[in-house]
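If you count the sequence shown from 1, position 25 lands on 25 in the UniProt record's numbering, and the numbers rise without skipping. Built from N, CA and C at the ideal position, the CB exists for glycine as well. Keep in mind the model is a prediction, meaning the values are calculated, not measured.
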Amino acid sequence: MNYSIKDVIEDEEEISSKDKKQSHSKALMQWCCECVGEYKEANNFKNVPIALAALIDYNIPGIIDYDGIDHSDSLEVATAALHSCEQLNIPVFFDAEDLVRGVDEKTLMTQIAAMKLGFKQYKVKHKVLENESLTSKVFARWCTLQLKPHDIKINNCNFDFENGVNLIKLVETVTGQKTESEPNLSCTDFDHLVENCELGLSVLRNIGIIDDSITGNDIANATKADDIVWPMIVKHDIIPILKDQDDVTIQNAPDKFKEHILKTIEPYDDVQDMVPTPLAVAAYINSYLPNQINFSDLDKSTGKDAARKIVEVCKNLGVPLLLEPRELEIRNIPDTAILPQLALLQPVLEEERKKLIEKTERKAFIKWANKVLDDNNVCEPVNQENGKGFVKLAEVLTGEKAPHEYSEDPSENMKLSSDLFKDKCLISDEDIEAGKLDDNNDYLRKIATRYAILPEVEGGDEENYDPEKTIADFKNWCEEATKDFDGIIHPELAMAALISKYLPHELDYENLDKKNATPVVFGKCEDLGIDLIVEESDMYPGLDEKVFLLQMALLKDQLEKLVEEEKDHVDGQSILDSAIIRFSNFIIQPRDVQIDDENPEDGNAISALAEELIGHSLAEPIESNPENDEAKTQNFRKVMKEFENDHVKFANDSPEELNNDPKKKKNEFLWPILVRYTMLPHSHNTEPEDYEENATISDFKSIILDITSGCEGVDELNNLPRNILGVISYYNPVRYPYLEGLSDEEALDKMLQYCEELELPVILDKDDFLSPVLPEKASLLQLAAITDSLQKIYNKEVNERFVLSQWANEKFKQKDLDPLLNEEEANTVTDSAAFVKLAETLTGKQAPENFHESPQSPEDEKENYEIALNMFKEDDIKYEDEIPQIIAELVDPKECIRRQNLLLWPLVAHYDVKKALNVDEESIDPEVLSQEIIEDDKPLEANPVFNITKFINNGELDAPQENPSPQELIDRCSVLELPMVFSAEDLEYEIPQKLVLVQLSLLANAIDDKKEAMRPHPLDDKILIRWANNILEECQDHKGDKTSYNNDELEDYKKLSETTFDARDDLPLLLK
């Protein structure tokens, strides 16, 4: 036979017209790649022996054991593939060794062509229909399963039921009813076929499985067979599963069964509406038998792993397979194909589940009972051998002694224990009779409900004990404590939520990986020394409620004890005391002295604290080496007086008592000092004269909460690490962004990392940050220490001062004046004469004669400021405050820098920002001006590099720069000789809008100047025009066009563009 590749391709209808236009070999290879696409190792035919094996496995499943062969042994794979070809009567053109060594492309393609024809011939011969639906295959296999006692195999229902004989066998087997007469086995004509089919159909009609719409003529014509098999499957396999539901019919049973499946697998996030089907089936099995399939460990990228596990489980449980392994991998299997398989599986799963629950119950209850005995040092375990452990359990829990000694008869011992429990656990005589060692789950449950669950119910009433009410009340408590999910479905999450409720610093439920919670919960319980009565393998959806509630009760009891132990070991006041001393010592760290938190002061350390905080030496110097206690107390008194003069209010006026009592020294002396100097400056009311401790603390807290209000996981001061991360991010959001999605432990580690990088004071121990007894005062003190340090690092007034002065300096350069201010002087006051000179520069007017070029007194300064302000006012500069108030603040040492900054901004906005940036807006509010020029939804303050770069790019001074780093932007400005008022480090932070606007206005002016300098001389234009016309003359032969270029005619310019594109390589340069 001639195995022509062309014949193979053209013989196949499925090859598209596009493929026919390609070479036949290429089209054949495309078919191969489509077949083996899901076989990872065979993909793209990189490994030819494996690819051929995969090709066989895909087209004729079961011929080759693809998963069973050793893929690393190429010779073994090649041998298996060629042997399978021989089984399929496909000619082989090389041996296995040749295949491993490599065959030429023509021979390989000839072999593949032969294989494709062989696959088709095999399918025809064995009635494997190319277009046979998966549902039809499943129905045929289901029929074969039912007809197994008769040794009848159904390959296709339409073909195999057309004579009616097999149909009758199936109907009688499934329904248990005989046909009215025997079938005609000779089937010599078509009428006999129809009669036989009618015999079977009449039985199905009589019992309501089908109606009259399907006739014997349909079945005899090999049609509609599937339409009678499906209702038989529903009646035989699906409806019995729904026996507890009302109004179940053949028509609605499939939907009801599917609803049951969907509800069962609802907790599995990887499955939506039974898709992917392999994962849905695996989840369904896992929900019943978690010990059979570990759903979380499945490879969910494809259905292969799930399908393999499903096949394995079905074989272990003896459940027949209606779908082949390869078919089980299909992502979306039709309901009519998968429901029959699940209907065979469900009863077996239900039975196995009962066994598993019973085993889990018994294991858990006995574990609880033995724990009770172990905790009371009783060495007699509860077991099935003699019942003595039950008697000991009764004595321990009831507090009563058994009326007589143990018996050698286990049943007597059980009765002896039951007598002790009878009244307290409400155990009836019938219960006592049922409480035998071979079935004591219910007996132990009654005991556990009374002695383990009742004590955990708030207001549990021992005298009026009601078991059902106890269970209901505790179940409600569990649902409330674990919030928004059903613990019975997710027992591991319920346990995690409970641990997080009592010990949030140990387990952060909010950020817990919910899909992998079980190992985390069990690991945490082990770390905390919590005894569990369940094991990791028990953590499956639908854990028995009795076991679940008992475990939750025991967990609650142990967690409450751990909380009490923590309170005993960690005193909140001691945390605060330690924080006060550490913060105080951090402040005086440059002085190389330390405050002793236990012994009286000699005065040196607290005097250093006073000088650091107040900012000057003590009015009354202390004695540096006091010889006695009186001298030490005198030093202490001098320091107190200095603080009191600076508005610190002490609760205790006795320096002797404050100095000699360590507790008072921390709480009544150092605490008000720290509030005054570290919280008050960051409050709304910063006037020391009006300082009031409680109001300042409350005000500082509200400011911190405002700063961190948009941060995930921050609610009040409930999580100090997150509060601190929010504060750090507020000061520098670019370099230190607030990271969401962190666990409490991760947030703490990240906070400590930021603090280390910024050299911020950490005055709490690491364990204290998440301690349940951390006092609010300690949290606020830590936040004050952080905020105070950050304020010094990011002094925004000084930064604003420098940038605004740089703008003024540019104006001074135009008049050859000395700079208004340089970088080293950014935190100093500008001379009033400089402001008058700035007014002259900006207004273009001369200052009046009373201008003091070298002011000698405060009066001269005031007069100069008044001159400058009036000159600006005459030039339509509008001030928010009256001129006298502005002048008063300009000459006030505490307010001068702030006021000078406020004065400079309206000048920048009026004289430069609006003009340079072409903003037609009356307001000088930076927010309003920013909105006029912002693009790409990139706010100025948060994206300074982006906005400055875009502005320079639009200036077209050089090639555009995309996404530069801050340093690259600085370097570019240096090369272009453009003014830049920010450093590379500044550009990594969020920069106030007004300062970005100042920078952009400086750039606008500089770019305009450069463009003016770069503008070509008119003579240059004439030279370029002549050059262009010369190019056109050279191209006339090429284009047949005698048009000359004139720069006044746009059409001629376009013609030049078209003409010279083919003529000269340097056209792009010309056109640019």
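Subject >> Assigned secondary structure, Gln292 (DSSP; H/G/I helix, E/B strand, else coil) >> reply: coil
**OP:** Take Leu397 and list the residues in its own chain whose beta-carbon comes closer than 6 Å to its own, dropping the five residues that flank it on each side.
**Re:** Here the set comprises Tyr451.
Original post:
Does the pairing of the stretch 91 to 108 with the stretch 74 to 83 give three or more beta-carbon distances under 8 Å?
Top reply: yes
**OP:** Helix, strand or coil for Asp1041, going by three-state DSSP, please let me know.
**Re:** Below a pLDDT of 50, predicted positions are generally treated as unreliable, and Asp1041, at 46, falls in that range; the measurement from the model is reported next regardless. Three-state DSSP puts Asp1041 in coil, outside helix and strand.
Original post:
On the three-state DSSP scale, how would you describe Val275?
Top reply: strand
Subject >> Collapsed DSSP secondary structure at Gln856 in the structure displayed >> reply: coil
Subject >> Distance between Asp971 and Leu995 (C-alpha atoms, nearest Å) >> reply: 20 Å
Original post:
How would you label Gln111, buried or exposed, when you count the other beta carbons within 10 angstroms and need 16 or more for buried?
Top reply: buried
**OP:** Have a look at Phe982 and Pro966 and give me their C-alpha separation to the nearest angstrom.
**Re:** 10 Å
Original post:
Fully enclosed by the UniProt domain "Calponin-homology (CH)" (22 to 120), which alpha helix (DSSP H) runs are 4 residues long or longer?
Top reply: 24 to 35, 48 to 59, 74 to 87 and 96 to 101
Subject >> Beta-carbon contacts of Lys401 that lie in its chain and below 8 Å, excluding the five residues immediately before and after >> reply: Glu395
**OP:** Would you give the residue range spanned by the alpha helix (DSSP H) that Ile886 belongs to?
**Re:** Ile883 to Leu890
Subject >> Cβ-based burial, His404 [other Cβ within 10 Å; buried from 16] >> reply: His404 counts as exposed, since fewer than 16 other C-beta atoms from the protein chains shown sit within 10 angstroms of its C-beta.
Subject >> Close-in-space but distant-in-sequence residues of the same chain around Asp875 (CB under 7 Å, 5 per side omitted) >> reply: Thr843
Original post:
Closest to Pro964 by CA distance: which of Leu978, Gly955, Glu988 and Lys354 is it?
Top reply: Glu988
Subject >> Residue from Gln87, Asp596 and Glu172 whose Cα sits closest to the Cα of Asp577 >> reply: The closest CA to that of Asp577, considering only Gln87, Asp596 and Glu172, is found on Asp596.
**OP:** Quick one: residues in its chain with C-beta nearer than 8 Å to the C-beta of Leu817, no 5 flanking neighbours on either side, listed in chain order?
**Re:** Lys837 and Thr841
**OP:** Taking the CB atoms as reference points, tell me whether Ala364 and Ile453 lie closer together than 7 Å.
**Re:** No. Outside cutoff.
**OP:** Return the CA-CA distance between Ser617 and Ile704, expressed in angstroms with no decimal places.
**Re:** Roughly 32 Å between the two C-alpha positions.
Subject >> Nearest-angstrom Cα separation, counted from Ser779 out to Leu764 >> reply: 9 Å
**OP:** Would you give the residue range spanned by the alpha helix (DSSP H) that Cys425 belongs to?
**Re:** Here Cys425 belongs to no alpha helix (DSSP H), and DSSP marks it neither H nor E.
Original post:
Does DSSP put His616 in a helix, in a strand, or in coil?
Top reply: coil
Original post:
For Leu323, does the three-state DSSP call read helix, strand or coil?
Top reply: coil
**OP:** Identify whether Glu180 lies in helix, strand or coil by the three-state DSSP scheme.
**Re:** coil
Original post:
So which of Val174, Val124 and Thr135 has the shortest CA-CA distance to Lys148?
Top reply: Of Val174, Val124 and Thr135, the smallest CA-CA separation from Lys148 is found for Val174.
Subject >> Under the three-state DSSP convention, the category Pro267 falls into >> reply: coil
Original post:
For the stretch 490 to 500 against the stretch 466 to 477, are there 3 or more C-beta pairs whose distance is under 8 Å?
Top reply: no
**OP:** Rank Asn870, Pro855 and Gln856 by C-alpha distance to the C-alpha of Lys845 and give the top, closest one.
**Re:** Asn870
Original post:
Is the beta carbon of Ser854 less than 7 Å from the beta carbon of Val913?
Top reply: no
**OP:** Drop a sphere of 10 angstroms on the beta-carbon of Ala42, count the other beta-carbons inside from all chains shown, and report buried for 16 or more, exposed for fewer.
**Re:** buried
Subject >> Limits of the unbroken alpha helix (DSSP H) element including Met495 >> reply: Pro491 to Tyr502
Subject >> Same chain only: Cβ atoms within 6 Å of Ile606, ignoring 5 sequence neighbours per side >> reply: Val639
**OP:** Mind the definition here: the stretch 668 to 684 touches the stretch 577 to 593 only if three or more C-beta pairs lie below 8 Å; say whether that holds.
**Re:** yes
Subject >> Close Cβ partners of Trp807 (< 8 Å) along its chain, the five nearest in sequence each way excluded >> reply: Leu904, Val908, Asp912, Val981, Val998, Ser1001 and Leu1002
Original post:
Do you know offhand how far Cys755's Cα is from Leu317's?
Top reply: Between Cys755 and Leu317, the alpha-carbon positions lie close to 59 Å from each other.
**OP:** Would you give the residue range spanned by the alpha helix (DSSP H) that Glu746 belongs to?
**Re:** Asp744 to Leu758
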